[in-house]
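Residue numbers (the numbering used here): 1 to 629. We put the beta carbon where it would ideally sit given N, CA and C, even for glycine. Report on the structure given below.
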């Protein structure tokens, strides 16, 4: 209704007519036209408040003309349980204020009318109505997303917000109420007191068929109140994805050789499809894949042949391609020219006819990557056989070369060439000197009996070879004995050959020794099969004792017969103590593997046993003679 500015003040009457066809009715509307005053409005005029809650509306007073009287706000009427407070309680137009409408906790839910009055100081009054809807205290549930798109086997997250209504303070727990099989949800936190937010993780298993689903989430308070929210779930099939990796990122290959790298193509997601392998960075014909097409998860062997490649470093890219999907991996290939050195130690080897000796062949990698080399030896005379252990050596490494010299191999000095050939064709050689010396002979016995094949000579030789030299202790003793024996025996042998008349004398002297050897060997032969080392100690003790008794005791007896004071048990005990000491030293040296010490201790033990028996026999004879006389 518009009132022109020139309208006179006072009460105006307006008849309002309503009609329909021939029917009509009238009503009277009375309007006071003022020269000054105010208008009053409330916003909003419809509000919702929870039990125990409150809400604020805005009050606006607008002056008309020059009106400047204070306008006071008050409640004209309100239902029980609803109160209204004003801030400020009065304004001078034009001005605004707020009215807070509060519903008591026990206010029944429903719709109510609250009348708010604005009264000027001059009595001018305007009343406005506010419709108040009171609802029960509780909470609402809302989602940050309306739909989720998840691949099979994947997951997605979003948030649910619980907003309290009124004074609601119960704990609210979240759950997934409706979802297809294979769809699960987890909440963090799983419960809270409104208002609050939880993070929801929705997991879709690989077995869930692709499609669109509705999933419903529930928030439930401890008092049984619930709220729901529904989301759209779009499940998509997993895309085909795969990864590419190599068993190693770099490889070094000796020129002329081949090497392999394992190519791994692993299925990451989706349904497996064929993948094509290719390579960039090497000339065609220098590499191959086996197989070249794979279906993940699978492996392929990449073989690189360096026969036509130059020395150097190559950066190689391996590709695994399916349609527009390409995965790459980088391999560094180093082609190296192999080089190695060879040496033989000792550089000179002396071997007696019928025996063997060893040298060590050492191979050292100088350049390139380790590979096996094959060893061989040339330059050996007839009757000489060589054996490498092992014959194939991986660089760097060593091999033991054993030289077997037959009894009829010609004595002399020979240059032996050791050759090492790598798989890639690199060849190296080293030379050492082989000295073959004539076989050591029982030269006195041979000279005495006239032939090396004489039975007596064979007995001595068999004892030496089959008993003494078959054990560690015996071999150690023989080192010292051999040096001693051959330092003078050749001269005696030559003298015997030049003076045949003396042979019967030497035969007589040697026969007791042969008897001693046969007797001792017969006694101790059962021990050889049990423990050869023990057998040689027992045999050596018996032989040494008998040699002392047979060969040396007569001489000692004749010497000491006139000096009886030296024939005493005191001296015998001293010699016996020395004998036990040397035996103990032998055992210790053999136990710790001290071969050089064992050479000395075994020799000392044999001499001390000979000395003990050489002294014991004259002492016994002296005692018998004293008793008889």
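Is it buried or exposed, residue i, if we count other Cβ atoms within 10 angstroms and call 16 or more buried?
i, result
"residue 591", "exposed"
"residue 409", "buried"
"residue 337", "exposed"
"residue 451", "In this predicted model, residue 451 has a pLDDT of only 49, less than 50, meaning its place in the structure is not dependable; the value taken from the coordinates is given anyway. Residue 451 should be labelled exposed."
"residue 511", "exposed"
"residue 129", "exposed"
"residue 424", "buried"
"residue 438", "exposed"
"residue 540", "buried"
"residue 107", "buried"
"residue 194", "buried"
"residue 68", "exposed"
"residue 224", "exposed"
"residue 577", "exposed"
"residue 152", "buried"
"residue 219", "buried"
"residue 579", "buried"
"residue 51", "buried"
"residue 628", "exposed"
"residue 28", "exposed"
Cβ of residue i versus every heavy atom of the ligand FMN: is any distance shorter than 7 Å?
i, result
"residue 253", "The model depicted lacks the ligand FMN and carries no ligand whatsoever."
Per DSSP, what are the beta-bridge partners of residue i in this structure?
i, result
"residue 73", "118"
"residue 27", "16"
"residue 127", "117"
"residue 82", "103"
"residue 183", "204"
"residue 238", "DSSP output for residue 238 lists no bridge partner at all."
"residue 150", "235"
"residue 339", "367"
"residue 392", "374"
"residue 287", "304"
"residue 259", "304"
"residue 400", "360 and 389"
"residue 68", "Bridge partners of residue 68: none, in fact."
"residue 139", "164"
"residue 158", "200"
"residue 631", "Since the first and last residues shown for the chain are 1 and 629, residue 631 lies out of range."
"residue 350", "435"
"residue 97", "59"
"residue 414", "434"
So residue i is in the beta strand (DSSP E); what residue range does that whole segment cover?
i, result
"residue 334", "325-336"
"residue 214", "211-221"
"residue 21", "Here residue 21 belongs to no beta strand (DSSP E), and DSSP marks it neither H nor E."
"residue 3", "Neither: residue 3 is in no beta strand (DSSP E) and is coded neither H nor E."
"residue 254", "250-254"
"residue 37", "37-43"
"residue 109", "Careful: residue 109 lies outside any beta strand (DSSP E) and carries neither H nor E."
"residue 379", "Looking at the DSSP string, residue 379 is not in any beta strand (DSSP E), and its letter there is neither H nor E."
"residue 173", "172-178"
"residue 48", "46-50"
For my contact list, residue i and residue j are in at a C-beta cut-off of 8 Å; report their separation, rounded to the angstrom.
i, j, result
"residue 608", "residue 575", "7 Å"
"residue 351", "residue 363", "Incorrect: roughly 23 Å between the Cβ atoms, too far for contact."
"residue 630", "residue 379", "Here the chain covers residues 1 to 629 and nothing more, so residue 630 does not appear."
"residue 414", "residue 401", "Residue 414 to residue 401, Cβ: 14 Å. No contact."
"residue 589", "residue 598", "4 Å"
"residue 341", "residue 366", "6 Å"
"residue 91", "residue 109", "34 Å between Cβ atoms; not a contact."
"residue 370", "residue 394", "6 Å"
Alpha helix (DSSP H) containing residue i: first to last residue?
i, result
"residue 430", "Counting along the chain, residue 430 falls outside any alpha helix (DSSP H), though it belongs to the beta strand (DSSP E) covering 427-437."
"residue 590", "569-591"
"residue 502", "That residue, residue 502, is in no alpha helix (DSSP H); it is neither H nor E in DSSP."
"residue 540", "532-547"
"residue 389", "Run containing residue 389: none in the alpha helix (DSSP H); it sits in the beta strand (DSSP E), 384-389."
"residue 616", "595-628"
"residue 483", "472-485"
"residue 557", "553-560"
contact_flag[the region 152-166, the region 185-203] where n(CB pairs < 8 Å) is 3 or more: Taking one beta carbon from each stretch, the region 152-166 and the region 185-203 have 3 or more pairs nearer than 8 Å; the two touch.
The region 21-40 in contact with the region 55-66 per 3-pair CB rule at 8 Å: Under the three-pair Cβ rule at 8 Å, the region 21-40 counts as touching the region 55-66.
The region 201-216 / the region 121-141 touching (three or more Cβ pairs under 8 Å): When C-beta atoms of the region 201-216 are compared with those of the region 121-141, fewer than three pairs fall below 8 Å, so the two segments do not count as touching.
contact_flag[the region 271-281, the region 303-321] where n(CB pairs < 8 Å) is 3 or more: Yes, they touch.
Three or more C-beta pairs below 8 Å linking the region 261-276 and the region 239-247: They touch, by the three-pair rule.
Meets three-Cβ-pair contact criterion under 8 Å: the region 142-158 and the region 119-128: No contact exists between the region 142-158 and the region 119-128.
Stretch pair the region 98-106 + the region 44-64: three plus CB contacts closer than 8 Å: Segments in contact, yes.
Validate contact between the region 113-124 and the region 173-183 using beta carbons, cut 8 Å, 3 pairs: Contact annotation: the region 113-124 does not touch the region 173-183, with fewer than three C-beta pairs closer than 8 Å.
Meets three-Cβ-pair contact criterion under 8 Å: the region 514-529 and the region 542-559: At 8 Å Cβ cutoff, the stretches touch.
contact_flag[the region 552-570, the region 610-626] where n(CB pairs < 8 Å) is 3 or more: In short, these stretches touch, since the Cβ pair count reaches three.
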